[in-house]
Each structure stands twice: as C-alpha cells, then as structure tokens.
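Novice: Numbering of the sequence shown is given in my numbering, commencing with residue 5 and proceeding in unit increments.
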Amino acid sequence: ELPPRYLRTPEAARFLGLSSRTLEKHRTYGTGPRYSKLGGRVVYRLEDLQAWFDLGAKASTSDPGVGKVLPAKRHAAISPAFAGQPRR
Numbered sequence: 005e006l007p008p009r010y011l012r013t014p015e016a017a018r019f020l021g022l023s024s025r026t027l028e029k030h031r032t033y034g035t036g037p038r039y040s041k042l043g044g045r046v047v048y049r050l051e052d053l054q055a056w057f058d059l060g061a062k063a064s065t066s067d068p069g070v071g072k073v074l075p076a077k078r079h080a081a082i083s084p085a086f087a088g089q090p091r092r
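1) Is the separation between the beta-carbon of H30 and that of A76 shorter than 8 Å?
2) Can you have a look at A63 and say buried or exposed, based on whether 16 or more other CB atoms are within 10 angstroms of its CB?
3) If you compare alpha carbons, which of S24, L20, V47 is closest to A55?
4) Unbroken alpha helix (DSSP H) runs of length 4 or more, entirely within the region 14-48: which are they?
5) State the DSSP-derived secondary structure class of L11, mapped to helix, strand or coil.
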C-alpha cells in the first residue's frame, strides 16, 4: 500500500520523531516544515517533511551541513531557508 500524500500533525510528528506539540510550536514560530490547510485541517506533504528533516543532516560533528533546523522557539529574525517557506 502506498503511503498517504498528506499527513496530519500527529502522523507528521511521528514521521519526524517529534511530539505533536513540538511540531505545532515549529509551525507557530515559522521554524518548521511547509504545511497547507485542507478543509481547515493542517496537513504536511511527505516531500516537505523530508526536505525540512534533511536541512539538519550532517556527516560528522564537524560537518556544517547544508542548513540548520532551529529549535521550536521564537526567533528575532528568521531566514526563509530556516522557515521552510518563502517569507512575504
């Protein structure tokens, strides 16, 4: 069976290894993966979850990586690359 195209917050959080509350905080502070609203429900595309997860990938402790996943808290200035979506 193919995986669903969209995941709701609890399933997306499990996919990422986070609690639902942490993923909600990331969404609130703009530090999490891209999301959409379908019928009033927040949903995440698997591709967006994987891309956000990959931002924090490193080969070693000295590897700067390709990006940075910020903690789920308010930040003074967030780069669009950290937020996972373009700023307007």
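Glycine included, C-beta positions come from ideal geometry on N, C-alpha and C.
Specialist: On the basis of the coordinates in this document:
1) yes
2) exposed
3) L20
4) 24-33
5) strand
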